[in-house]
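Line by line, the protein sequences give chains A and B. All residue numbers for the first sequence refer to my numbering, where the first residue is 1 and numbers rise by one. All residue numbers for the second sequence refer to my numbering, where the first residue is 1001 and numbers rise by one. Ideal Cβ positions, reconstructed from N, Cα and C, are used throughout, including at glycine. Working notes, structure below.
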Amino acid sequence: MAGAAHWLRRGTRLWLGLMAVGLVLSTPLPAAAQGETIGGTLVYRADDERTPVEGVSITVSQDGTPIGTAVSDAEGRWSVPLPGPGSYQVTLDVATLPEGVTLTDPATAELTNVAVIGGQRRSVIFPLGEGTTSGVTTYARIGALFVAGLKLGATIALAALGLSLIYGVTRLVNFAHAELVTLGAVIAYLFHATGSGPGWPLIVAAIPAVLLVAGFGWLQGRYVWQPLRKRGTAALSLMVVSIGLSFALRSLIQLFFGGLPVAYPDFAGQPAIDVLGIPMVPKHLATIGVSIAVLFLVSQFLQRSRTGTAMRAVSDDRDLAETSGIDVDRVIQVTWILAALLAALGGIFYGLNESVSYDIGFRILLLLFAAVVLGGLGTAYGVMAGAFAVGIVVEMSTLWLPAELKVVSGLVILIAMLLVRPQGIFGTRERIG
Amino acid sequence: MDWTQILAAGVLATIGPVTAGYALSAIGLNLQFGYAGLLNFGHVAFMLVGAYGTAVTVEFGGPMWLGLIVGIVAAVLFGLLLGIPTLRLRADYFAITSIAAAEVLRLVVRSSWAEPLTGGVFGIQGFAGDFHRLNPFPATELYGIGQFVVTGRALWVIVVGWALVLLASLFVARLIRSPWGRVLKAIREDEDATRSLGKNVFAYKLQALMIGGGIAGLAGILFALEQQSIHPTGFEPRITFILFVMVILGGAGSIWGAVLGAAVFNFLFFATDTLMAQLQANVDWIGTILTPAEAGLIKYVLVGVALILLIVFRPQGLLRSRNEGGADAA
């Protein structure tokens, strides 16, 4: 019996399968507990002779939280019990590999999106071969984290800018903005990687995705929020409506897209290149470059075009703008289109660098709020600066904090900022509370 | 299609411990949102604090009564900690901060860093033994008629849960009829006017946040005792949004509204769940387009739509007259 999502069912395990080209055999695990496990057998094969690899440490985690660590036994077997079905990351600690043994592809030390269903004992494969391991210097680590921070900041900036612009022109704090981000990533996936889709390259698939979400943004602004505004619904009630909309949309996306995260096949597992002694992944650099270019274009639009100027005018003083002959409803509609377009682009970049799932937008929503509050609700340039600051702090915090708590550092900035300077770095002071 | 089964699922859920827990938490949220006008989007954090306060205390060898006290006190103190810095902020900033604080708390609790205390992603189990040993009903005995049967174990939680709901409702009703409650409603209607009358608006809001938080903490404890285990996944933001639907459905700012909202919501929620499962299994064309898991998601879509429609078309809920402020006037 086929489900609604059958036309977009995906081959999550496909690229894991591709890694199986290597020299490791996976055997059914020794029976552990009744529950789900992830495990495998580490075997180093040379000249048709198989040698089990003992004493290698492998960690299974979920959303950055370690679930458990196993060490391969004398036969190379390892297994980690899981709390339940879901999607996990499996990381092999390269430092624990014996002398002369290394991963044939260093990028496979971490397998993301390993899906485990109820009762399953999932096997994963790490291809091992000959080679030498190299240590990572502190300089390279800090540099890599900084680039990762810029990458995250660029993504947040794209997504958060729309949130702030919408607040500027309509005074709506739109929780459903998260779903515009998700929709961008998900629709690009449909055009890019589903079996029954056209299978376009990601760069081509991004175009209809961004346009469709921009259209959806316009529809939402025109047929949900404009009527509510005309009814004179209070701002706080509108927030509750946006929460309801967010919840409904997220569940709908989950209904059609399924609950497990996936990755875009294009650019997956891209190896890092060495720039000034810092390992950098080309797609991360592309994310940063394209985002900055887009942000520059948006700032030019706001600064120079008639509509952009009108947008800033409505943001500053709506009544004054209206009396000076600006068609406020039209400006708001343009803002919705722009906001949705930017959010979709941010979502595609997030999907490219992390993963695509029904809740990615909601997962980064609080970081978007952090960026918006840091820069000043309703501002454009402030939010861009705030986004990069949040991105860099979140990634750099892993120097001191466990990786699973890195998002917390972003939220702590949000809370701290609200206490010290609630109008944001660039916002203008107004009377509060 | 078995309509009695659908009805039974709805009715059992409505009288069951889940509704009692939600109703209790909704009473706390109603005090904060319905009476004080606080847009607390992090309400689930109070339940988390209450549940973990009790579970951790018992796990480390404390008696059950101490665990209960620790859970409630911790939830009240969390209200103090959250409220002091954030209640001076504008309402939309308060909403953002409260949801951020709730997520920070959940992420910290589930982290491996906190695992020695909270059990991390695996949570804590087996702390509710003392509570279930007090059960006067034989645990495996069945009570009820026809399809409407519950075990003695469930009956014990139901009795305790609904007793707490009754006590909390009477307590809040008493508070609201006092001078304190009148000031609270005045703040909701016009904060500046109340301040100009010399009332310390901040202190009243803080007290409402703490008392509502304590009641929510108790609700978290009830859930924990009922399930005998707690996990961070049980305290995701969606719980807060479901509570908002319940409070607005029943009528924000009405004593029995929160309880009625929880009951009506859970009846519809679980009846819809069973209905969708039956449609999926018995109606061919629905069975071909939806898998059982997908059919189960429909109810969440409906929750979101219900929240939108309620705010837009009936912001006063089921129990309140339109002329008394509340969500619309907040």
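Cβ-Cβ separation between G391 of chain A and L150 of chain A: approximately 7 Å, consistent with a contact (criterion under 8 Å).
Its chain contains I278 and P279 as the residues whose beta carbon lies nearer than 6 Å to that of A144 of chain A, once the 5 sequence neighbours on both sides are disregarded; these appear in chain order.
Residue-level contact by beta carbon holds for D1092 of chain B and chain A, with a gap shorter than 9 Å. Shown here, P1179 of chain B sits in a helix according to DSSP, grouped into three states.
By the criterion of a C-beta distance shorter than 6 Å, V356 of chain A is surrounded in its chain by A185, Y189 and V262, once the five residues flanking it on both sides are discounted. Apart from sequence neighbours up to five positions away, the residues of its chain that approach V116 of chain A with a beta-carbon distance below 7 Å are E36, I38, L82, P85, G86, Y88 and R122, ordered along the chain. In this structure A387 of chain A touches A371 of chain A by the C-beta definition: roughly 4 Å separates them, less than 8 Å.
From the beta-carbon of G244 of chain A, the residues of chain B found nearer than 9 Å are F1241, F1244, V1245, V1303, G1304, V1305, A1306, L1307, I1308, L1309, L1310 and I1311. For the 9 Å CB-CB criterion, G1317 of chain B and L1309 of chain B do not form a contact. The three-state secondary structure of T1151 of chain B, taken from DSSP, is strand. When DSSP reads this structure, P201 of chain A sits in no beta bridge, so it has no partner. Scanning chain B for C-beta atoms nearer than 9 Å to the C-beta of V241 of chain A yields L1307, I1308, I1311 and V1312, reported in chain order.
Shown here for L1082 of chain B: same chain residues with a beta carbon closer than 6 Å to its own, the five before and five after excluded, namely A1101 in chain order. In the displayed model, Q89 of chain A falls within a strand according to three-state DSSP. A check of alpha carbon separations from L128 of chain A across A:L228, A:L374 and A:P52 identifies A:P52 as the nearest. Beta-bridge partners of I337 of chain A (DSSP): none assigned.
Not a single CB atom of chain A sits nearer than 9 Å to the CB of T1194 of chain B. Assigned with DSSP and collapsed to three states, T104 of chain A falls in coil, not helix or strand. For L411 of chain A, the CB contacts under 7 Å within the same chain, skipping 5 residues up- and downstream, are L366 and A370 in chain order. Taking 9 Å as the CB threshold, E404 of chain A lines the interface with chain B. Counting along the chain, L302 of chain A sits inside the alpha helix (DSSP H) bounded by residues P282 to R304. For chain B, none of the residues of the segment 189-202 of chain A brings a beta carbon within less than 9 Å of one of its beta carbons. Non-local beta-carbon contacts of V334 of chain A in its own chain, meaning distances under 6 Å to residues more than five positions away in sequence, involve T307 in chain order.
Under DSSP, G68 of chain A forms a beta bridge with A:V60. Secondary structure at G346 of chain A: helix, using DSSP grouped into helix, strand and coil. Less than 9 Å separates the beta-carbon of F1267 of chain B from that of G1010 of chain B. By the criterion of at least three beta-carbon pairs nearer than 8 Å, the segment 1139-1148 of chain B is not in contact with the segment 1071-1078 of chain B.
In this structure, S1178 of chain B keeps its C-beta atom at 9 Å or more from the C-beta atom of W1256 of chain B.
In the three-state DSSP reduction, Q1316 of chain B falls in the coil class, being neither helix nor strand. In the three-state scheme derived from DSSP, where H, G and I count as helix and E and B as strand, L219 of chain A is classed as helix.
Around F369 of chain A, the beta-carbon contacts reaching into chain B at under 8 Å are I1096 and A1100.
Rounded to the nearest angstrom, the Cβ distance from S291 of chain A to F349 of chain A is 7 Å, consistent with a contact under 8 Å. Within 8 Å of the CB of W1113 of chain B, the CB atoms of chain A belong to P402, E404 and L405, in sequence order along the chain.
In chain order, A1051, Y1052, A1055, G1123, I1124 and A1224 place their CB closer than 7 Å to the CB of I1230 of chain B, counting only its own chain and leaving out the 5 sequence neighbours on each side. Under a criterion of Cβ atoms nearer than 7 Å, the residues of chain A adjacent to P1085 of chain B are, in order, L419. For R421 of chain A, the closest alpha carbon among the candidates B:T1004, B:Q1227, B:F1244 and B:P1085 is that of B:P1085.
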